[in-house]
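K.L.:
Quick one: the structure is below, and I'll ask about it shortly.
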């Protein structure tokens, strides 16, 4: 290729890099400013406009938020909110996988009366997110004494078909020969599930786990309704309480430290499990 | 699609299905049914009893100028969020598809907003645009703009749109990138040999091939803006100033939980259900087998 060609090739890589760097800036700027605020004292922030150079109080602020929360959350410490969020996210991720994998297995590997009806009953849940049925769902949770409990936080959010559909799709691709071989070996449906299907589903389980963990961790409307005791506050709801009505007493340095603490666990999960997560996300939507 | 080889028996599948069916019946069908029943009933003044009210809740709802305004607000909000989240997502995906060096780093960082709760995204953007202490608000004020989203409706709308769209860019980026990588390189090469410029190649080959992905994402983004953005609104504007940012899902919550108008809130729930069913229907009609992730 001539020199001219090389120059165009190099110049054509310049534009993508410039655009992508602008994209990174767009993504990182709000998080960076939160980090700067979390490293300042409150007067530093209130002396508007605040400096964009980080201060020296990042660890002090983070520890204070973790240990003592803020005045507006009546000293409810952020560590307990983190614990609640972790419990809720894990309960949703594990719970949804635990009920979806068996039901997808039943629908795919058996023929029984009402099979189609069961499948459609699960499938139709995709249509109505919990947000559109909040009041009656709240009433049921109250009747079942689930207010302010982890079960109350998780169960209504588990009632959805996404995981079932993903498993069903995957199970349909398992070769018939494997099932026949298992039958010849005298393996029943339980043995086949435990010895063959679950090991084959590892990647799918990992992918779903990431998606559901993020989904659970980031819930807002349902936890807002179903918990009202300070001991059950999740970190996303706790942030709301810390802000209150945004008056002069707002402890922005602690709020932003809390925001970073709220962002960190799901970000780590996404970044560290990126490969499974991307595969799972793109496939679960097909 | 069905399997040829299956196991016999019905007890085993019944046991396997039981947990999910139980959760679905108790926490999905029962409440959804209750919402429909409630929407046709009204409470008395003391909240002690309810009576059948026919479509009274619905006629009242659609005669309420606040509710109709909320429809307009929701339409503007969700379309703006969709466009503002799709366009950068597509642009960044096209660019990420072209680079080799640093591709992994770009991808990883661009994924971060996906992990951030809409409610937290709202707080981050609210902090940037806080009229008293926000870094970007200070810039706007210095530029001579009278920035105060707490008092100015359109400014409040702009802020919640930005926060909600920012969070969704990752998702769109990911799907566009997957769509781009599924396009056979031979198609692009053939057109390059024919002398088409990169811009022309994009608009005549790549973009049409991305159409199903784009349409799918458009619906997903609108559904996201309808339902998952409650946290953004609740944190940043509480629907205000006035009702400038009161989207439908916020109003369902407000009228039900704060206003304790159960019949009216249930009627709103039913309207929202109809909207999701319609959106999902459109999605299935045009691109089979691609469903909303709830």
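Protein chains in written order, with my numbering: chain Y, 5 to 290; chain L, 446 to 739.
Note that the Cβ used here is the ideal one computed from N, Cα and C, for glycine as well.
These numbers were taken from a predicted model, which means no experiment stands behind them.
(1) Assuming residue 37(Y) and residue 529(L) are in contact, meaning their beta carbons sit under 8 Å apart, how far apart are those beta carbons, in whole angstroms?
(2) Closer than 9 Å, Cβ to any Cβ of chain Y: which residues of the region 691-703 of chain L, in chain order?
(3) Could you check where the alpha helix (DSSP H) with residue 543(L) kicks off and where it finishes?
(4) Can you tell me whether residue 315(Y) is buried or exposed? The criterion is at least 16 other CB atoms within 10 Å of its CB, across all chains shown.
(5) Kindly identify the DSSP beta-bridge partner or partners of residue 114(Y).
(6) For residue 171(Y), count the other beta carbons within 10 Å of its own beta carbon; 16 or more makes it buried, fewer makes it exposed. Which is it?
(7) Which whole-angstrom value is the C-beta distance of residue 165(Y) and residue 130(Y), which I expect to be below 8 Å?
(8) On the three-state DSSP scale, how would you describe residue 272(Y)?
(9) Got a sec: is the Cβ-Cβ distance from residue 525(L) to anything in chain C below 8 Å?
(10) Taking contact to mean at least 3 C-beta pairs separated by less than 8 Å, is the region 457-467 of chain L in contact with the region 116-136 of chain Y?
(11) Below 6 Å CB to CB, which residues in the same chain sit around residue 618(L) once its five sequence neighbours on both sides are set aside?
(12) Distance, Cα to Cα, residue 94(Y) vs residue 713(L)?
(13) Answer yes or no: does any C-beta atom of chain L fall closer than 8 Å to that of residue 209(Y)?
(14) Under three-state DSSP, which class holds residue 12(Y)?
(15) Is the beta carbon of residue 286(Y) sitting closer than 8 Å to the one on residue 661(L)?
(16) Under 6 Å Cβ to Cβ from residue 270(Y), same chain only, skipping five residues before and after it: list those, please.
(17) Between residue 65(Y) and residue 261(Y), how many whole angstroms is the CB-CB distance? I'm expecting something under 8 Å.
(18) So, residue 254(Y) versus residue 247(Y), is the Cβ gap smaller than 8 Å?
(19) Of the residues 645(L), 641(L), 728(L), 695(L), which one's Cα is nearest the Cα of residue 516(L)?
(20) Is the CB of residue 224(Y) under 8 Å away from at least one CB in chain L?
(21) What does the Cβ neighbour count give for residue 626(L), buried or exposed, with the cut at 16 atoms within 10 Å?
(22) Does any residue of chain L have a CB that is nearer than 8 Å to the CB of residue 9(Y)?
(23) Which residues, taken in chain order from the region 131-143 of chain Y, show a beta carbon closer than 9 Å to some beta carbon of chain L?
(24) Roughly how many whole angstroms lie between the Cα atoms of residue 645(L) and residue 531(L)?
(25) Closer than 8 Å, Cβ to Cβ, to anything on chain L: give me those residues from the region 99-123 of chain Y, in chain order.
(26) Would you mind reading off the limits of the alpha helix (DSSP H) that contains residue 672(L)?
(27) Give me the residue from 265(Y), 169(Y), 118(Y), 140(Y) with the minimum Cα distance to residue 472(L).
(28) Out of curiosity, what's the CA-to-CA distance linking residue 185(Y) and residue 26(Y)?
(29) So within the region 109-195 of chain Y, which uninterrupted beta strand (DSSP E) runs reach at least 3 residues, ignoring any that extend past its ends?
(30) Report the residues of the region 15-32 of chain Y with a CB closer than 8 Å to any CB of chain L, ordered along the chain.
(31) Could you tell me if residue 29(Y) is buried or exposed, where buried requires 16 or more neighbouring beta carbons within 10 angstroms of its beta carbon?
(32) How about residue 724(L) and residue 677(L): are their beta carbons less than 8 Å apart?
(33) So, are the CB atoms of residue 685(L) and residue 577(L) less than 8 Å apart?
(34) Can you find a CB in chain L that lies within less than 8 Å of the CB of residue 256(Y)?
(35) Kindly indicate if chain L contains any beta-carbon less than 8 Å away from that of residue 202(Y).
(36) At which residues does the beta strand (DSSP E) containing residue 495(L) begin and terminate?
P.N.:
In brief:
(1) As a working note, residue 37(Y) is residue 33 in the first chain. As a working note, residue 529(L) is residue 84 in the second chain. That belief does not hold up - the Cβ atoms of residue 37(Y) and residue 529(L) are roughly 20 Å apart, past 8 Å.
(2) 694, 697, 698, 701, 702
(3) Within the second chain, residue 543(L) is the residue found at index 98, counting from 1. Looking at the DSSP string, the run of the alpha helix (DSSP H) that includes residue 543(L) is 510-543.
(4) With chain Y represented from 5 up to 290, any question about residue 315(Y) goes unanswered, as that position is not in the structure.
(5) Walking along the first chain from the start, residue 114(Y) turns up at place 110. DSSP lists 452(L) as partners of residue 114(Y).
(6) Looking up residue 171(Y) in the first chain gives position 167. So residue 171(Y) counts as buried.
(7) Along the first chain, read from residue 1 onward, the residue named residue 165(Y) stands at position 161. Along the first chain, read from residue 1 onward, the residue named residue 130(Y) stands at position 126. That pair is a contact at about 5 Å.
(8) Numbered from its first residue, the first chain carries residue 272(Y) at position 268. Residue state, collapsed to three classes: helix.
(9) Given the protein chain composition of this structure (Y and L), no chain C is represented.
(10) yes
(11) As a working note, residue 618(L) is residue 173 in the second chain. If we look at residue 618(L) and ignore the five residues flanking it on each side, its Cβ neighbours are 534, 537, 538, 555.
(12) In the first chain, residue 94(Y) corresponds to position 90, counting from 1. In the second chain, residue 713(L) corresponds to position 268, counting from 1. Those two C-alpha atoms are separated by around 32 Å.
(13) Position 205 of the first chain, counted from the first residue, corresponds to residue 209(Y). No, no contact with chain L.
(14) The sequence position of residue 12(Y) within the first chain is 8, counting from 1. Annotation note: pLDDT 49 at residue 12(Y) (below 50); position unreliable, coordinate value reported separately. Correct three-state label for residue 12(Y): helix.
(15) Translated into positions along the first chain, residue 286(Y) becomes position 282. Translated into positions along the second chain, residue 661(L) becomes position 216. No, they are not a contact pair.
(16) Residue mapping note: residue 270(Y) aligns to position 266 of the first chain, counting from 1. Only 218, 221 meet the Cβ criterion.
(17) Within the first chain, the letter at position 61 stands for residue 65(Y). Within the first chain, the letter at position 257 stands for residue 261(Y). Yes, they are in contact, since the Cβ atoms of residue 65(Y) and residue 261(Y) sit about 4 Å apart, within 8 Å.
(18) By 1-based counting over the first chain, the position of residue 254(Y) is 250. By 1-based counting over the first chain, the position of residue 247(Y) is 243. It is a contact, given that the beta carbons lie within the stated cut-off.
(19) Residue numbering aside, residue 516(L) sits at position 71 when the second chain is read from its first letter. With distances taken between Cα atoms, residue 516(L) lies closest to 695(L).
(20) Position 220 of the first chain, counting from 1, holds the residue named residue 224(Y). Yes, contact with chain L.
(21) If you number the second chain from 1, residue 626(L) lands on position 181. When all chains shown are included, residue 626(L) counts as exposed.
(22) In the first chain, residue 9(Y) corresponds to position 5, counting from 1. Confidence is the limiting factor: at residue 9(Y) the pLDDT is only 43, short of 50, which leaves the residue's position unreliable and the question unanswerable from this model.
(23) 131, 132, 133, 134, 135, 136, 137, 138, 139, 140, 141, 142, 143
(24) In the second chain, residue 645(L) corresponds to position 200, counting from 1. In the second chain, residue 531(L) corresponds to position 86, counting from 1. Cα-Cα distance, rounded: 20 Å.
(25) 102, 103, 104, 106, 107, 109, 110, 111, 112, 113, 114, 115, 116, 117, 119, 122
(26) Indexing the second chain from 1 puts residue 672(L) at position 227. Counting along the chain, residue 672(L) falls outside any alpha helix (DSSP H), and DSSP gives it neither H nor E.
(27) For the purposes of this step, residue 472(L) is identified with residue 27 of the second chain, where counting begins at 1. Nearest C-alpha to residue 472(L): 140(Y).
(28) Your numbering for residue 185(Y) matches position 181 in the first chain. Your numbering for residue 26(Y) matches position 22 in the first chain. Each residue's alpha carbon lies about 55 Å from the other.
(29) none
(30) 16, 17, 19, 20, 21, 23, 24, 27, 28, 30, 31, 32
(31) For the purposes of this step, residue 29(Y) is identified with residue 25 of the first chain, where counting begins at 1. So residue 29(Y) ends up on the exposed side.
(32) Start at 1 with the first residue of the second chain, and residue 724(L) comes out as number 279. Start at 1 with the first residue of the second chain, and residue 677(L) comes out as number 232. For residue 724(L) and residue 677(L), no; Cβs fall outside 8 Å.
(33) As a position in the second chain, residue 685(L) is number 240, starting the count at 1. As a position in the second chain, residue 577(L) is number 132, starting the count at 1. Cβ distance not < 8 Å, so residue 685(L) and residue 577(L) don't count as in contact.
(34) Working through the first chain from its first residue, we reach residue 256(Y) at position 252. With 8 Å as the cut-off, residue 256(Y) counts as an interface residue toward chain L.
(35) Indexing the first chain from 1 puts residue 202(Y) at position 198. Output row for residue 202(Y): interface = no.
(36) The residue given as residue 495(L) occupies position 50 in the second chain. Taken as a continuous stretch (DSSP letters only), the beta strand (DSSP E) holding residue 495(L) covers 495-497.
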